[in-house]
Amino acid sequence: MKRLPHGWRAAAWIGVLLGVLAALVALPPIEIRSAVAPLLVGLVALTVGIGSWIRGERRIGSYAVAAGVFGLLIGYLATRSSVDKLDAVVVWGALFAAMLRYATPLAFASLGGLFSERSGVVNIGLEGMMLTGAFFTVWGADRTGTWMLGLAIGIVAGGLMGLLHAFFSISLRADQIVGGTAINFLALGITTYLFVKLYGSEGTPSDVSTIPSIHLGFLGHGFIGDVFGRLDLLIWVAIVLIFVVWIVVFKTPIGLRIRACGEHPRAADTVGINVYAVRYGAVVLSGMLAAAGGAFLSLGFNGSFTPNMTAGRGFIALAALIFGNWRPFGAAAACLLFGFASALGVALQTYSLSISTLFTALPYVITLVAVAGVIGRSIPPAAVGRPYVRQ
Amino acid sequence: MSAGEDVRQLPEEPLPEDVVNRYRVMQKAGGLVAPLLTVILAFLISGVVVLLTTRSVSDTLRTYQGIFNGTGLDWFFRVGSYSVGVPFTGARVWFPWNTNDISSQAAANLEQTLLLWTALVLVGLAVAFAFRCGLFNIGGQGQYLAGSIGAVLVATELPHVVALPSILLIVVSIVAGMLAGAALAGIAGLLKGTVGAHEVITTIMLNWIVIWVGSYLFAVGGPLQTKAAGAAGAVPSSADIPDSAKIHVFWGDPLFQGLTIGFFVAIGSLVVYNLLLNRTTLGYEVRAVGHNPEAARYGGIGVARNYFVAMAIAGTFAGLAGALDLLGWKFREDITDIQSSSIGFIGIAVALLGRNTAVGVGLAALLFAALQTGTASRSLDPSIFPPELASSLAVIIQGLVVLFVGADVIVLILLRRVRGRRQQRTAPA
Chain W
32 MKRLPHGWRA AAWIGVLLGV LAALVALPPI EIRSAVAPLL VGLVALTVGI GSWIRGERRI
92 GSYAVAAGVF GLLIGYLATR SSVDKLDAVV VWGALFAAML RYATPLAFAS LGGLFSERSG
152 VVNIGLEGMM LTGAFFTVWG ADRTGTWMLG LAIGIVAGGL MGLLHAFFSI SLRADQIVGG
212 TAINFLALGI TTYLFVKLYG SEGTPSDVST IPSIHLGFLG HGFIGDVFGR LDLLIWVAIV
272 LIFVVWIVVF KTPIGLRIRA CGEHPRAADT VGINVYAVRY GAVVLSGMLA AAGGAFLSLG
332 FNGSFTPNMT AGRGFIALAA LIFGNWRPFG AAAACLLFGF ASALGVALQT YSLSISTLFT
392 ALPYVITLVA VAGVIGRSIP PAAVGRPYVR Q
Chain A
3 MSAGEDVRQL PEEPLPEDVV NRYRVMQKAG GLVAPLLTVI LAFLISGVVV LLTTRSVSDT
63 LRTYQGIFNG TGLDWFFRVG SYSVGVPFTG ARVWFPWNTN DISSQAAANL EQTLLLWTAL
123 VLVGLAVAFA FRCGLFNIGG QGQYLAGSIG AVLVATELPH VVALPSILLI VVSIVAGMLA
183 GAALAGIAGL LKGTVGAHEV ITTIMLNWIV IWVGSYLFAV GGPLQTKAAG AAGAVPSSAD
243 IPDSAKIHVF WGDPLFQGLT IGFFVAIGSL VVYNLLLNRT TLGYEVRAVG HNPEAARYGG
303 IGVARNYFVA MAIAGTFAGL AGALDLLGWK FREDITDIQS SSIGFIGIAV ALLGRNTAVG
363 VGLAALLFAA LQTGTASRSL DPSIFPPELA SSLAVIIQGL VVLFVGADVI VLILLRRVRG
423 RRQQRTAPA
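Here the protein sequences line up with chains W and A, keeping their order. Residue numbers for the first sequence follow my numbering, beginning at 32 and rising by one. Residue numbers for the second sequence follow my numbering, beginning at 3 and rising by one.
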């Protein structure tokens, strides 16, 4: 590897780019109508990927292989489709804006899960914490009349769910996966119960104060304007939060303590870190962040709450966290990928409802492949899932 | 996350740390008492929820009584002399009996409960069997759906290829469902054994893959959506299975979710589960790996192979549940059912509460099946308690049970305190 410092790694990256290009040449605005172009470019990407994989550049090499296969497929299918439909589906500005909308709830929950798991507590209950946040934010906004108080109430409710998880998994040393499963049951039961009791068949009021969008008129109507011109406030918060979490977790003493508790709690305890306190804080924080994700889903995205509206997004957030190797930027990238898959899936309904449905399974397949270690190995914090007993 | 891999951990821990170990301790410790306390605690806390809703103690008690009557368990208190209802016989029985009808509401409710019990026992065993190998199978839901989809595929398509006698078609369809469940769970077992991918993550992902692929198969324009006349406008679904593929109903109305002979399959599965675990080499190896994978490896047991085998067997149980439900009373698979079913998750609660033993799973499944049936909106009196709230109440109770079962450490702490006192007493002066 020393003798070929950048050779195969660089080649593999070029393979990735070629794979993307294979899809792009057939899509607007280029739109080459011959199937030869995407097939050729895709095959080159595939070859480069396999070549660098054989030469030992496993991770980027397999990215290139994946990009080659997908680029080839998408490019080929695009040339088979009519230009009208293609132009209707592939509107880059709208796709990317939708990607950000779909990725935001995942990003909040993922970053929440990052705190919890980095401190050594598995959080399968993210789904339930999101759902709790989603309900109580709408309820709070309805009761107080302002979305700000609603959001605060939702976040506090999510924090309480986190506290419950923390109490059982840290103080009572219950199995953390069992505890998380219980949180999911409880949140589903409680929110549905309250929803039916308070709002019944009419649903949450339609005139509830929703989280505002930020209008950036100066961006104009180009690609940038279409993507960033009218984003929900919480989307911007999520983007900022990714950087904040990265700084907190990797550049501050607090972050070091959190990571120490997740890697080797005994050592952390020995140097005077209160492992219980750190874990409590991290799990409660994860509940609050997940609740913010749920709040975006209900009050920002839909403007209403429906029972079980998170529909597994908490689990996708967990998958994004693992896919992103328990790192903020990695998790955020995974969220964007899943968000893009969702946006594309919805856009694909123009072609066929059933194909769009099948497409929804893709993020899970990707995660499964990633967890299986084919695309690099995910290495969790060493002490995650283990209760700590002070001696 | 399994114990024994971490060399940095200091050897002496006051409590055994991994799940399986603790369940063993709990098995010795609690007997029936701990799960019973758990259930009572869960019902008490949810009683507070009911109390807040109804604002009266007597209404709270009446609500629970209403739920109990809705479960059909009151059937056992209706001793009398009843007609069997079969023409040309004067045969009479001690309890209300439904033959091809629903003349007795209590019996109909009990049929419902036992039908659900059948499925819950099997998905519970799916979670429990994996647990005994030290694996947390959250994928019961996906494996159940895979079983349903596999069974509906064979039951609807095979008759076009060959004409099979009814019994053979049923058996082949069920086996297809079992294989589908086993294959799905097997993926998770294989990944755990070979690359060490955590089974919780992989089974969650597999759940969603099955849900969306299943939705795709039967959705509008999907390859398996029925084109039969009259199906338009309704929920997109598969074709109906032919009558010859329907499992025999021995109690109640065959067209209205009567109790099928799948009930006896579930009882048989409990026996098989017990024998397989406790009386065979395979079961011994599975349990050995569950207790301590490192020791098992040292003893010459293939850990990776056992992860795969245990998951595949777990998936077989869940797939069987899916197949029996489909051939017994669903008769077709539709996408609402695929996307909203949660029976596999209740299986987790069943296995946890039943402490992974055959008897425990049977009893826990009865509790949750009864709870589910009793809180269904059609069996509760709306003047006592809003029935649309009752099903959420059931979910809350399930959540509380799982929460408290997970915290078995409460029992352990109490036990340690008792033992500590005894040691003090017996210690030499």
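Even for Gly, the Cβ is constructed at its ideal location relative to N, Cα and C.
Identification of chain W residues near SER394/A by a Cβ-Cβ cut-off of 7 Å yields GLY220, THR223, TYR224, VAL227, ordered along the chain.
Annotation note: the stretch 278-318 of chain A contains the following uninterrupted alpha helix (DSSP H) runs of length 4 or greater, listed N- to C-terminal: 283-293, 295-300. In this chain, the alpha helix (DSSP H) harbouring VAL35/A covers 35-56.
Residues of the stretch 201-218 of chain A with a C-beta less than 9 Å from any C-beta of chain W: VAL202, ILE203, THR204, ILE206, MET207, LEU208, ASN209, TRP210, ILE211, VAL212, ILE213, TRP214, VAL215, SER217, TYR218, listed in chain order. Relative to the Cα of ILE186/W, the nearest Cα in the group GLY159/W, LEU203/W, GLY210/W, SER200/W belongs to GLY159/W. Between LEU157/W and ALA362/W, the beta carbon gap of about 12 Å keeps them out of contact (Cβ cut-off 8 Å).
In the structure shown, GLY211/W adopts helical secondary structure according to DSSP, grouped into three states.
Counting only the Cα atoms, ALA291/W lies some 8 Å from ALA298/W. Pairing ILE243/A with VAL154/A gives a Cβ-Cβ distance under 9 Å. The way I'd put it, the stretch 188-202 of chain W does touch the stretch 160-174 of chain W; three or more beta-carbon pairs between them come closer than 8 Å. In the three-state reduction of the DSSP assignment, ILE410/W falls in the coil class, being assigned neither a helical nor a strand state.
Between VAL274/A and ILE315/A, the alpha-carbon positions lie close to 11 Å from each other. With fewer than 16 other Cβ atoms from the protein chains shown falling within 10 Å of its own Cβ, LEU46/A counts as exposed.
Three or more Cβ pairs drawn from the stretch 204-223 of chain W and the stretch 400-409 of chain A lie within less than 8 Å of each other, which places the two stretches in contact. Residue pairing for THR262/A: DSSP places it in a beta bridge opposite VAL251/A. Taking a Cβ-Cβ threshold of 7 Å, the residues of chain W close to GLU390/A are VAL227, in chain order.
Here SER393/A carries a helix assignment [DSSP, helix/strand/coil]. The contact set of TYR311/W on chain A, defined by CB atoms closer than 7 Å, is empty, because the minimum CB distance reaches about 16 Å.
Taken in chain order, the complete alpha helix (DSSP H) segments of 4 residues or longer contained in the stretch 311-376 of chain W are 344-354. VAL125/A has a beta carbon lying at 9 Å or more from every beta carbon in chain W.
Contact of ILE214/W with chain A is assigned, a C-beta pair being separated by under 9 Å.
Counted as a single uninterrupted DSSP element, the stretch harbouring ASP245/A is not any beta strand (DSSP E), since DSSP gives it neither H nor E. Within its own chain, the residues whose Cβ lies closer than 7 Å to the Cβ of ILE386/A, once the five positions on either side in sequence are excluded, are ASP61, ARG64, THR65, GLY68, listed in chain order.
Looking from the CA of ALA140/W, the closest CA among LEU328/W, ALA414/W, LEU320/W belongs to LEU320/W. For chain A, the residues of the stretch 378-401 of chain W that bring a beta carbon within less than 7 Å of one of its beta carbons are SER383, LEU384, SER385, THR388, LEU389, THR391, ALA392, TYR395, VAL396, THR398, LEU399, in chain order. The Cβ of ILE201/W sits no closer than 9 Å to any Cβ of chain A. Annotation: the stretch 202-255 of chain W contains the following complete segments of the alpha helix (DSSP H) (minimum length 4 residues), in chain order: 207-230. Collapsing the DSSP output to three states places ARG261/W in a strand.
Per the coordinates, the alpha-carbon of ARG281/A lies some 15 Å from the alpha-carbon of CYS135/A. Out of VAL420/W, VAL402/W, GLN422/W, the CA that lies nearest to the CA of THR196/A is found in VAL402/W. The stretch 101-113 of chain W makes contact with the stretch 71-81 of chain W, as at least three CB pairs between them are under 8 Å. The alpha-carbon separation between GLY193/W and VAL309/W amounts to approximately 13 Å.
Taking a C-beta cut-off of 8 Å against chain W, the contacting residues of the stretch 127-159 of chain A are PHE138, ILE140, listed in chain order. Nearest C-alpha to ALA353/A among THR377/A, ILE337/A, ASP327/A, PHE319/A: PHE319/A. Taking a cut-off of 8 Å for Cβ pairs, the stretch 371-389 of chain W and the stretch 114-121 of chain W touch, as three or more such pairs fall below it. Taking a cut-off of 8 Å on C-beta distances, the stretch 111-126 of chain A does not touch the stretch 163-177 of chain A, as fewer than three cross pairs fall below it.
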